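Quick note: the sequence shown uses the numbering used here, first residue -18, plus one each step.
Note that the Cβ used here is the ideal one computed from N, Cα and C, for glycine as well.
Just so we're clear, the structure is a prediction, and the values are computed from it rather than from any experiment.
Here's the structure we're looking at; comments come further down.
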Amino acid sequence: MKIEKNTVLEALKTITVAGEGSNMVDSGAVTNVMIFADEVIVDLTISTPALHIKNRAEKDIKETIKNKVSSDAKVQVNIKVEAPAKPENPNLIKGKAIPGIKNIIAVASGKGGVGKSTVTSNLAISLAKMGFKVGILDADIYGPSIPLMFDVFNERPLSVNVDGKSKMKPVENYGIKVLSIGFFTKPNQAVIWRGPMAAKALNQLIFDADWGELDFMLLDLPPGTGDIHLSIMQSLPITGSVIVSTPQTVALADARKGVAMFRQDSIDVPVLGLIENMSYFTPEELPDNKYYIFGNGGGKNLAEDLDMPFLGEIPLVQSIREAGDVGHPAALQEGTPISEAFTAITRNVVEETVKRNEDLPATEAIKITTMAGCSAVKK
Ligand SMILES: Nc1ncnc2c1ncn2[C@@H]1O[C@H](COP(=O)(O)OP(=O)(O)OP(=O)(O)O)[C@@H](O)[C@H]1O
Ligand SMILES: [Mg+2]
-18 MKIEKNTVLE
-8 ALKTITVAGE
2 GSNMVDSGAV
12 TNVMIFADEV
22 IVDLTISTPA
32 LHIKNRAEKD
42 IKETIKNKVS
52 SDAKVQVNIK
62 VEAPAKPENP
72 NLIKGKAIPG
82 IKNIIAVASG
92 KGGVGKSTVT
102 SNLAISLAKM
112 GFKVGILDAD
122 IYGPSIPLMF
132 DVFNERPLSV
142 NVDGKSKMKP
152 VENYGIKVLS
162 IGFFTKPNQA
172 VIWRGPMAAK
182 ALNQLIFDAD
192 WGELDFMLLD
202 LPPGTGDIHL
212 SIMQSLPITG
222 SVIVSTPQTV
232 ALADARKGVA
242 MFRQDSIDVP
252 VLGLIENMSY
262 FTPEELPDNK
272 YYIFGNGGGK
282 NLAEDLDMPF
292 LGEIPLVQSI
302 REAGDVGHPA
312 ALQEGTPISE
322 AFTAITRNVV
332 EETVKRNEDL
342 PATEAIKITT
352 MAGCSAVKK
């Protein structure tokens, strides 16, 4: 019996991929069906890189075609993962939208030194390993550390000409594009920033730079929940935020403030979840031993309490610190428990981004109405 494309499409309409909304034909996930005698080739594009979802989709397609179309069919499934696109918002497109940048994820904490920059660096590497195009905007005006963690602290962005306009070209290492406020401030210069000025500087790093196409831009925020944060958050169309905390009570209390800041009416940036860093100590030579020196379950409990996803735990391991110090993020090394922990967390971040983009409209930037100055004081 000749296999008809329509019959295959009707059969595929009975399958829904987790996280993709309606059935795989109507949602647009099935991008092509080709039939050569008894050979059926199905091209599928989905937005989540989770292996179990890909495997499940492939199995469902094969079984459904064999059961509903022809038991002789030889089915081949090609699956492509594409970053979740932000729903289009006409206001944003006209105003502050950033052409080519699909998702901006802010990494924040509340308390300082809990590992925001370490998490940002390693999330970026894991995302790139999954095939996403990634950039980091280091917004830490107090202590920019991304240039050091990516071993580009001696570099400066070049100027390039894009459509007759001069733009900054982000510095690149390990396939990640990086711009940092640290490229423009001298280390021995204490810069006193006011919120709107910091927001303006960051706006320039975004809009006057040639980022090209990015699936994810990670924004490494300074510690705290002050006026600077309000200005940054209000001036950029941030897709969602990820909160980093260590398990100590003091850090968790500050993380709670961080969540409250994102959720307040004048900001309203969705919180994608909490990452607990330095959850337990693992000696390198005894990787199976976990010592919960700061207590166990604090991050998970806080996430539950604040009704947000818990995205995962990262152990306290000497090599994570060493890798950061030499500018070679730990997630670059394949097959280690550390890179696996980051991969698992990154998958959760991507899944939460997919859900957020399905459920909510794009976050709008708020026009900055005051432009207070900034002064630089030489020490
Ligand atoms: N899981 C970890 N294991 C070991 N060391 C870690 C881990 N996470 C972070 N560190 C180390 O802790 C220090 C602080 O981390 P990091 O700079 O990422 O924190 P931060 O929250 O960005 O700090 P700040 O608030 O100053 O921006 C760094 O030396 C880093 O290498
Ligand atoms: Mg930092």
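message: Just checking Gly91 against ligand 2 - is the residue's beta carbon closer than 7 angstroms to any of the ligand's heavy atoms?
response: Taking the sequence shown and counting its residues from 1, one reaches residue 91 at position 110. No, the Cβ of Gly91 stays beyond 7 angstroms of every heavy atom of ligand 2.
- request: Taking only the alpha-carbon atoms, compute the straight-line gap between Thr311 and Ala284 and give it to the nearest angstrom.
  value: In the sequence shown, counting from the first residue as 1, residue 311 sits at position 330. In the sequence shown, counting from the first residue as 1, residue 284 sits at position 303. First, the residue type needs correcting, since residue 311 is Ala and not Thr in the sequence shown. One Cα belongs to Ala311, the other to Ala284, and the distance between them is close to 26 angstroms.
- request: Quick one: give me the first and last residue of the alpha helix (DSSP H) that Leu129 is part of.
  value: Numbered from 1 along the sequence shown, position 148 holds the residue referred to as residue 129. Looking at the DSSP string, the run of the alpha helix (DSSP H) that includes Leu129 is Ile127 to Met130.
task: Alpha carbon to alpha carbon, how far is Met(-18) from Ile22? Give it in angstroms, no decimals.
output: Position 41 of the sequence shown, counting from 1, holds the residue named residue 22. Position 1 of the sequence shown, counting from 1, holds the residue named residue -18. Roughly 17 angstroms between the two C-alpha positions.
- request: Sort Ser52, Ile60 and Ile16 by Cα distance to Ala31 and report the nearest one.
  value: By 1-based counting over the sequence shown, the position of residue 31 is 50. Closest option to Ala31, Cα to Cα, is Ile60.
field: Cβ of Val133 within 8 angstroms of any chain C Cβ
entry: Chain labels in this structure do not include chain C; a single protein chain is all it has.
message: Need the endpoints of the alpha helix (DSSP H) that Thr230 sits in, please.
response: The residue labelled residue 230 in the question sits at position 249 within the sequence shown. That run of the alpha helix (DSSP H) goes Thr230 to Arg244.
- prompt: Ends of the alpha helix (DSSP H) at Ala312?
  reply: Within the sequence shown, residue 312 is the residue found at index 331, counting from 1. Where Ala312 is concerned, there is no enclosing alpha helix (DSSP H), given that its DSSP letter is neither H nor E.
Ordered list of alpha helix (DSSP H) runs contained in the region 191 to 224, each at least 4 residues: 208 to 216
query: Of the choices Ile187, Glu266, Ala120 and Trp192, whose alpha-carbon is the least far from that of Lys114?
result: Residue mapping note: residue 114 aligns to position 133 of the sequence shown, counting from 1. The option with the nearest alpha carbon to Lys114 is Trp192.
Coarse secondary structure for Asn338, derived from DSSP in three states: Locating residue 338 in the sequence shown gives position 357, counting from the first residue. Helix.
- prompt: So, Asp414 versus Lys83, is the Cβ gap smaller than 8 angstroms?
  reply: In this structure the chain extends from -18 to 360, so residue 414 is not present and cannot be described.
message: For Gln215, count the other beta carbons within 10 Å of its own beta carbon; 16 or more makes it buried, fewer makes it exposed. Which is it?
response: Counting from 1 along the sequence shown, the entry for residue 215 is found at position 234. With 16 or more other Cβ atoms within 10 Å, it is buried.
query: To which residues of the same chain is Asn154 closer than 7 angstroms at the C-beta, ignoring the five residues directly before and after it?
result: As a position in the sequence shown, residue 154 is number 173, starting the count at 1. Here the set comprises Phe131, Asp132 and Val133.
field: Unbroken alpha helix (DSSP H) run spanning Ser98, endpoints
entry: Taking the first residue of the sequence shown as position 1, residue 98 is located at position 117. Boundaries of the alpha helix (DSSP H) harbouring Ser98: Lys97 to Lys110, taken from the DSSP string.
message: What I want to know is whether the C-beta of Ser98 ends up closer than 7 angstroms to one or more non-hydrogen atoms of ligand 2.
response: Residue 98 sits at position 117 when you count from the first residue of the sequence shown. Yes, ligand 2 has a heavy atom inside 7 angstroms of this Cβ.
message: With H, G and I counted as helix, E and B as strand and the rest as coil, what does DSSP make of Ile79?
response: Numbered from its first residue, the sequence shown carries residue 79 at position 98. DSSP places Ile79 in coil when its eight states are reduced to three.
- prompt: In three-state DSSP terms, what is Ala179?
  reply: Translated into positions along the sequence shown, residue 179 becomes position 198. It is helical.
- prompt: From this set, Ser90, Val(-2) and Ser8, which residue's C-alpha is nearest Val223's C-alpha?
  reply: As a working note, residue 223 is residue 242 in the sequence shown. The shortest Cα separation from Val223 among Ser90, Val(-2) and Ser8 belongs to Ser90.
- prompt: Which partner residues of Leu255 appear in the DSSP bridge assignment?
  reply: Within the sequence shown, the letter at position 274 stands for residue 255. Answer by DSSP bridge pairing, in chain order: Ile224 and Phe291.
field: Option in Gly96, Met111, Gly156 and Ser147 with minimal Cα separation from Ile117
entry: As a position in the sequence shown, residue 117 is number 136, starting the count at 1. Ile117 has its Cα closest to that of Gly156, out of Gly96, Met111, Gly156 and Ser147.
field: CA nearest to the CA of Asp246, picked from Ile326, Leu313, Thr344 and Gly278
entry: Walking along the sequence shown from the start, residue 246 turns up at place 265. Measuring from the Cα of Asp246, the nearest candidate turns out to be Thr344.
message: Strictly by DSSP, which residues pair up with Tyr272?
response: The count along the sequence shown starts at 1 and reaches residue 272 at position 291. Looking at the DSSP assignment, Tyr272 forms a beta bridge with Phe262.
message: At the level of alpha carbons, what is the spacing between Lys281 and Glu20?
response: Looking up residue 281 in the sequence shown gives position 300. Looking up residue 20 in the sequence shown gives position 39. Each residue's Cα considered, the two are about 48 angstroms apart.
- request: Indicate whether Ile86 and Ile122 have their beta-carbon atoms separated by less than 8 angstroms.
  value: Counted from its first residue, the sequence shown places residue 86 at position 105. Counted from its first residue, the sequence shown places residue 122 at position 141. Against a cut-off of 8 angstroms, the Cβ pair of Ile122 and Ile86 comes out as no contact.
Buried versus exposed, by CB contacts within 10 Å (16 or more), Pro268: Sequence index remark: in the sequence shown, residue 268 carries index 287 (1-based). By the neighbour-count rule (16 or more Cβ atoms within 10 Å), Pro268 is not buried but exposed.
Coarse secondary structure for Ser320, derived from DSSP in three states: As a working mapping, residue 320 is identified with position 339 in the sequence shown. In the structure shown, Ser320 sits in a helix (DSSP, three-state: H, G or I).
message: Beta-carbon within less than 7 angstroms of Ile46's beta-carbon, same chain only, minus the 5 sequence neighbours each way: which residues are those?
response: On the sequence shown, residue 46 is found 65 positions in, with the first residue counted as 1. These residues qualify, in order along the chain: Val(-11), Ala(-8), Val21, Ala54 and Val56.
query: What do you reckon, is the C-beta of Gly94 under 7 angstroms from a heavy atom of ligand 1?
result: Here residue 94 corresponds to residue number 113 of the sequence shown, with the count starting at 1. Correct: Gly94 has its Cβ closer than 7 angstroms to ligand 1.
- request: Answer with buried or exposed for Ile(-4), where buried requires no fewer than 16 other C-beta atoms within 10 angstroms of its C-beta.
  value: Counting from one through the sequence shown, the residue named residue -4 turns up at place 15. So Ile(-4) ends up on the buried side.
- prompt: Using a threshold of 7 angstroms, is the CB atom of Pro80 nearer than that to any non-hydrogen atom of ligand 1?
  reply: As a position in the sequence shown, residue 80 is number 99, starting the count at 1. No, since every heavy atom of ligand 1 falls outside the 7 angstroms radius drawn around the Cβ of Pro80.
query: Looking only at its own chain, which residues have a Cβ that is under 8 angstroms from the Cβ of Asn329, when we skip the five neighbours before and after it?
result: Position 348 of the sequence shown, counted from the start, is the residue given in the question as residue 329. Once the five neighbours on either side are set aside, the close Cβ partners of Asn329 are Gly254, Pro290, Leu292 and Gly293.
task: Report, in whole angstroms, the separation of the C-beta atoms of Ile256 and Leu217, which I expect to be a contact under 8 angstroms.
output: Your numbering for residue 256 matches position 275 in the sequence shown. Your numbering for residue 217 matches position 236 in the sequence shown. The Cβ separation is near 21 angstroms, so there is no contact.
Chain-order list of residues whose beta-carbon lies under 7 angstroms from that of Glu69 (same chain, five-residue window excluded): As a position in the sequence shown, residue 69 is number 88, starting the count at 1. Caution is warranted here: a pLDDT of 46 is assigned to Glu69, below 50, making its placement in the model unreliable, and the coordinate value is therefore given only provisionally. Excluding residues within five positions, none has a Cβ falling inside 7 angstroms.
field: Cβ-Cβ separation, Phe275 to Thr227 (assumed contact under 8 angstroms), whole Å
entry: Stepping through the sequence shown from its first residue, residue 227 is reached at position 246. Stepping through the sequence shown from its first residue, residue 275 is reached at position 294. That belief holds up - the Cβ atoms of Thr227 and Phe275 are roughly 6 angstroms apart, short of 8 angstroms.
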